[in-house]
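Data block below; observations after.
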Amino acid sequence: MNNLGILKKIGFSSTGITETIITIECGNMLYSTPIGFKLCRDKLVAKVYKNTLLHELLSRKDCKLCLCITSSSMLFYRSVLERDYLKYIYLKDVDRKCIQNCDSYINLDLIDIIDRKQYSLHYFKPFKIIIANTYPKGFHRYDYAIVESLVYLTKMTYVDENTRLSYYERILWCRDIVYRSCSNRFIRVLINNIVEKASKYLEK
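Residue numbers (our numbering): -13 to 190.
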């Protein structure tokens, strides 16, 4: 199967955003953060807001990029709020680090940037895809609720006061989903930490 077929099988499409975690290695800096991608022919494209560290790093040509595919809400949480707890591995035959315990890994090369007013569209070419976990996993509503709340949290820095309040209300809605679908104390601590972080933006 060619790369395009594998990308589609993983879940990438031109009509929806697939949430992933990208690992960026620039010199001595190692940085991981969630990012969403759409499929554009055989390329992956991401909308990256300006005036962010992510935009700065993804605009450089000397960084090594690895896309980490996972359904683990814990890994998404740590890639936003507890980066020091992430563990990394080197992919076989590829000189770049990726987050441990992900389902798939996609190595990327930046090929184009299209500038917009507040953001840029970054186009990447996948050149090596590694499937680490071939076992199907069940769908957990709480995992997706936590990831969704993290998406809103990371956007609160860049929006106006009314939008922040709207995002905060959506995060509270995500917390309701977590509490209805999961009794695990540790998972509930994660969503409560996100709510607490989000509430601080309302005080600014």
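For every residue, glycine included, the Cβ atom is placed at its ideal position computed from N, Cα and C.
These numbers come from a predicted model, not from an experiment.
Check your understanding: What three-state label does DSSP hand T(-9) in the structure shown?
Key -> One point to set straight first is that residue -9 is Gly, not Thr, in the sequence displayed. Reduced to three states, the DSSP call for G(-9) is helix.
Check your understanding: Less than 9 Å separating the beta-carbons of C52 and E11?
Key -> yes
Check your understanding: In chain order, what residues of the same chain have a beta carbon less than 7 Å from the beta carbon of R150, not counting five sequence neighbours either side?
Key -> M142, Y187 and L188
Check your understanding: Using a Cβ-Cβ cut-off of 7 Å (strictly less than) and excluding sequence neighbours within five positions of Q104, which residues of its own chain qualify?
Key -> Y35 and K36
Point to revise | Given 8 Å, three or more beta-carbon pairs between the segment 99 to 119 and the segment 127 to 137 | key: no
Exercise for review: Would you identify the three-state DSSP class for T4, choosing helix, strand or coil?
Suggested key: strand
**Study point:** Enclosing beta strand (DSSP E) for L61 [first to last residue]
**Key:** Careful: L61 lies outside any beta strand (DSSP E), inside the alpha helix (DSSP H) at S59 to L67.
Point to revise | Reference E42, options V145, Y17, D162 and K(-6), closest by Cα | key: Y17
**Study point:** Beta-bridge partners of N93, as assigned by DSSP
**Key:** C52 and K114
**Study point:** Y76 to N148 span [Cα, whole Å]
**Key:** 43 Å
**Study point:** Inter-stretch contact at 8 Å, needing at least 3 Cβ pairs: the segment 80 to 94 / the segment 155 to 162
**Key:** no
Practice item. Closer than 6 Å by C-beta to N119: which residues in its own chain qualify, once you throw out the five before and the five after it? Chain order, please. Key: D89
Review point. Where does R127 land, buried or exposed, given buried means 16+ other C-beta within 10 angstroms?
Key: exposed
Point to revise | Nearest neighbour of Y130, chosen from K111, H108, K114 and V164 [CA to CA] | key: V164
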